[in-house]
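Only one structure is covered here, and it is reproduced in the block below.
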Amino acid sequence: MSVRVIVGSQWGDEGKGKIIDILASRADVVIRSAGGNNAGHTVKNGDEVYKLRLIPSGILYPKTLCLIGSGVVLDPKVILEEIDGLQARGVTCENLRIDPRAHIIMPWHIALDGMSEKMRGSSEIGTTKRGIGPCYMDKAERCGIRFYDLAHPELFAKKAKEVGELKNLIITKVYGEAPVDVDAVIAEYTEYGKRLSKYMADVSVLAYEACKSGKEVLFEGAQGTLLDLDMGTYPYVTSSHPISGGVCTGTGIGPTVVDDVLGIAKAYTTRVGKGPFPTELFDETGDLIRERGFEFGTVTGRPRRTGWFDAVIIRHAVRVNGLTGLAVNKIDTLSGIGDLKVCVAYKKSDGTILKDFPATLEELAECEPIYETVKGFSGDLSTCTSYDQLPEDCKAYINKLEELCGCPIKMVGVGPSREQNLER
Ligand code: GDP
Ligand code: IMO
Ligand code: MG
Numbered sequence: 006m007s008v009r010v011i012v013g014s015q016w017g018d019e020g021k022g023k024i025i026d027i028l029a030s031r032a033d034v035v036i037r038s039a040g041g042n043n044a045g046h047t048v049k050n051g052d053e054v055y056k057l058r059l060i061p062s063g064i065l066y067p068k069t070l071c072l073i074g075s076g077v078v079l080d081p082k083v084i085l086e087e088i089d090g091l092q093a094r095g096v097t098c099e100n101l102r103i104d105p106r107a108h109i110i111m112p113w114h115i116a117l118d119g120m121s122e123k124m125r126g127s128s129e130i131g132t133t134k135r136g137i138g139p140c141y142m143d144k145a146e147r148c149g150i151r152f153y154d155l156a157h158p159e160l161f162a163k164k165a166k167e168v169g170e171l172k173n174l175i176i177t178k179v180y181g182e183a184p185v186d187v188d189a190v191i192a193e194y195t196e197y198g199k200r201l202s203k204y205m206a207d208v209s210v211l212a213y214e215a216c217k218s219g220k221e222v223l224f225e226g227a228q229g230t231l232l233d234l235d236m237g238t239y240p241y242v243t244s245s246h247p248i249s250g251g252v253c254t255g256t257g258i259g260p261t262v263v264d265d266v267l268g269i270a271k272a273y274t275t276r277v278g279k280g281p282f283p284t285e286l287f288d289e290t291g292d293l294i295r296e297r298g299f300e301f302g303t304v305t306g307r308p309r310r311t312g313w314f315d316a317v318i319i320r321h322a323v324r325v326n327g328l329t330g331l332a333v334n335k336i337d338t339l340s341g342i343g344d345l346k347v348c349v350a351y352k353k354s355d356g357t358i359l360k361d362f363p364a365t366l367e368e369l370a371e372c373e374p375i376y377e378t379v380k381g382f383s384g385d386l387s388t389c390t391s392y393d394q395l396p397e398d399c400k401a402y403i404n405k406l407e408e409l410c411g412c413p414i415k416m417v418g419v420g421p422s423r424e425q426n427l428e429r
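Per our numbering, residue 6 is the first one in the sequence shown, and the count goes up by one each step.
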């Protein structure tokens, strides 16, 4: 039995949901510990496709306990829609538990997310406008509303009134926009609190007990390493800690319980939203990858930016997450597009070669990728049922990535379904 953390190694959307769903068939507990409904995790089971935003991707297995930790920001309306949607499709959510410490996304957070993006103009971050940043701001400011508060109507009304009126001052006086109707919000959200209160449980205690009693535990990362507030491409990041360390603070467990950290990557690179992307493609190859890989945001539907595999980024992910293995998805998307490029290092304008991802955007702006060209491969990979069946040139590409990243590639994805994952 093991305790395993699954993290995104690039800018999100690496196929974490698929890998969690596959591993969850053997897991007792799946835990989300960061982010909110900015995440969109796709799980394909037969012809059924589920797009999960807050609920852990282990939910399709009725015996798996699915936990939402204190580090998650919870939009109560969205999670109720998600619960209702799953139940309407015959998926039980009885095994869901939410930590009382999780912060609640309120309507003013969503409004302020949109307003601050508008104010930034051309230097906008390209957020999902789900209120994520403003909710984490209130958490750090120590004026946030937590799940415990939401589930206690009098406490909730008092806190929401205080903070809501303060937010309205910002909305009206700083942004010059119409205020939120705080009383109407309190009435609406009190009902959400009543419906959700049955899911409340101390996730730190449940997670600790599961880890200590030798259960199979999976931590489901959201977002990706390069979106981490500290280790990502700041300020073009999210407001939480998607890296493996975030699991400890966002669940309430110590790092000593973790056995393995599996990084999920795509066989190329994508990014939604703004910010630097050294290997981005602006040509037909980039369009081809987008079309063939259906690279459109799960949450916002925005076209994803596409580019070559960047080993500098993955080496950064290996280091900051302590990765013990990698799963590389979407190798099928690259089949038939011709020879492939892989970024092996960056070259600075003064000629210096960088093997490590730079700490600041200013340094990154001085860098250009150094590529190696690798022979392409062709054929329908989606029907391969074992690693050996992949074309030799495809295996050579995977070997090249492994050598450059310095981390064993343990799984390779050849399609979105559970079966389309080849163990290596
Ligand atoms: P997540 O946010 O990391 O869970 O990833 P998303 O679900 O947002 O995006 C990944 C997309 O790729 C989804 O549409 C998946 O169904 C799909 N996908 C995952 N693995 C593979 C793969 O190996 N091949 C192909 N073609 N699609 C995949
Ligand atoms: P999953 O879990 C891809 C990006 C947004 C934006 C930046 C900040 O599906 O991999 P935010 O709304 O969080 O303040 O936006 O972060 N972003 C993601 N990109 N996948 C995600 O999640 C993301 N969650 C946030 O596009 O650039
Ligand atoms: Mg996603």
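Even glycine gets a Cβ: it sits at the ideal position worked out from N, Cα and C.
Every value quoted in this text rests on a predicted model; they were computed, and no experiment measured them.
task: Confirm the yes/no value for this check: CB of lysine 335, any heavy atom of ligand 2, distance under 7 Å.
output: In this structure, lysine 335 has its beta carbon at no less than 7 Å from each heavy atom of ligand 2.
- prompt: Say the cut is 7 Å; is the CB of asparagine 50 nearer than that to a heavy atom of ligand 2?
  reply: no
- prompt: Quick one: what's got a C-beta closer than 7 Å to glycine 22's C-beta in the same chain, skipping five residues either side?
  reply: His46, Thr47, Val48, Leu57, Ser62
- prompt: What's the call for glycine 420, buried or exposed, on a 16-neighbour Cβ count within 10 Å?
  reply: By the Cβ neighbour-count rule, glycine 420 is buried, with 16 or more other Cβ atoms within 10 Å of its own.
query: Using the rule of at least 16 other Cβ atoms within 10 Å of the residue's Cβ for burial, across every protein chain shown, is glutamate 322 buried or exposed?
result: Here residue 322 turns out to be alanine, not glutamate, going by the sequence shown. With 16 or more neighbouring CB atoms inside 10 Å of its own CB, alanine 322 falls in the buried class.
message: For asparagine 426, list the residues DSSP reports as bridge partners.
response: Gly418
message: Any residue with its C-beta under 5 Å from a non-hydrogen atom of ligand 3 counts. Can you list them all in chain order?
response: Asp18, Gly45, Thr303
- prompt: Tell me which same chain residues have a C-beta within less than 7 Å of the C-beta of proline 184, skipping the five on either side of it?
  reply: Asn173, Ile176, Thr177
query: Hey, quick one: how far does the beta strand (DSSP E) through glutamate 53 stretch, first residue to last?
result: It spans 53-57 - the beta strand (DSSP E) in which glutamate 53 sits, taken as one unbroken run.
message: For a test of your reading of the model: does the CB of valine 277 fall under 7 Å from any non-hydrogen atom of ligand 2? Yes or no.
response: yes
message: Considering only heavy atoms of ligand 2, does any lie closer than 7 Å to the CB of arginine 135?
response: yes
- prompt: What alpha helix (DSSP H) runs, 4 residues minimum, are completely inside the region 234-321?
  reply: Here the runs fully enclosed are 250-256, 289-297.
- prompt: Start and end of the beta strand (DSSP E) containing asparagine 50?
  reply: 46-50
For asparagine 334, the residue or residues it bridges with in DSSP: Lys271
query: Is there at least one non-hydrogen atom of ligand 2 closer than 7 Å to the beta-carbon of asparagine 43?
result: yes
- prompt: Taking the continuous beta strand (DSSP E) assigned at tyrosine 351, which residues delimit it?
  reply: Taken as a continuous stretch (DSSP letters only), the beta strand (DSSP E) holding tyrosine 351 covers 345-353.
query: With DSSP run on the structure shown, which of helix, strand or coil describes tyrosine 153?
result: helix
- prompt: When DSSP labels each residue in this structure, what does tyrosine 180 get in the three-state scheme?
  reply: coil
message: Counting C-beta neighbours from all protein chains within 10 Å, is the total for asparagine 326 16 or more, i.e. buried, or is it exposed?
response: That one is buried.
Cβ-Cβ separation, isoleucine 319 to alanine 270 (assumed contact under 8 Å), whole Å: 6 Å
query: With distances taken between CB atoms, is the gap from arginine 31 to glutamate 221 smaller than 8 Å?
result: yes
- prompt: What is the residue span of the alpha helix (DSSP H) that valine 83 lies within?
  reply: Taken as a continuous stretch (DSSP letters only), the alpha helix (DSSP H) holding valine 83 covers 81-93.
- prompt: Can you find a heavy atom of ligand 2 that lies under 7 Å from the Cβ of isoleucine 36?
  reply: no
Nonlocal neighbours in the same chain, by C-beta distance under 7 Å from alanine 29, ignoring five residues either side: Val35, Ser62, Gly63, Tyr66, Thr69, Leu223
task: Starting from the C-beta of valine 263, find all residues in its chain whose C-beta is less than 6 Å away, skip the five residues before and the five after it, and write them out in chain order.
output: Within the same chain, valine 263 has close Cβ partners Val8, Val10.
field: C-beta contact flag for leucine 79 and isoleucine 115 at 8 Å
entry: no
- prompt: Looking at the unbroken beta strand (DSSP E) that takes in glycine 13, where does it start and where does it end?
  reply: Looking at the DSSP string, the run of the beta strand (DSSP E) that includes glycine 13 is 8-13.
query: Quick one: is alanine 227 buried, meaning 16 or more other Cβ sit within 10 Å of its Cβ, or exposed?
result: buried
query: Using a threshold of 7 Å, is the CB atom of isoleucine 109 nearer than that to any non-hydrogen atom of ligand 1?
result: no
field: Identified DSSP bridge partners for leucine 223
entry: Residue pairing by DSSP places leucine 223 opposite Arg9, Val35 in a beta bridge.
query: So, are the CB atoms of isoleucine 137 and glycine 229 less than 8 Å apart?
result: no
message: Determine whether the beta carbon atoms of leucine 155 and proline 81 lie at a separation below 8 Å.
response: yes
message: My parser needs the alpha helix (DSSP H) runs of 4 or more residues fully inside the region 186-223; what are they?
response: Within the region 186-223, the complete alpha helix (DSSP H) runs of at least 4 residues are 187-201, 208-217.
message: Any heavy atom of ligand 1 inside 7 Å of the beta-carbon of phenylalanine 299?
response: yes
- prompt: In the DSSP assignment, what are the bridge partners of threonine 378?
  reply: Lys346
- request: With a threshold of 7 Å, establish whether the CB of proline 281 neighbours any heavy atom of ligand 1.
  value: no
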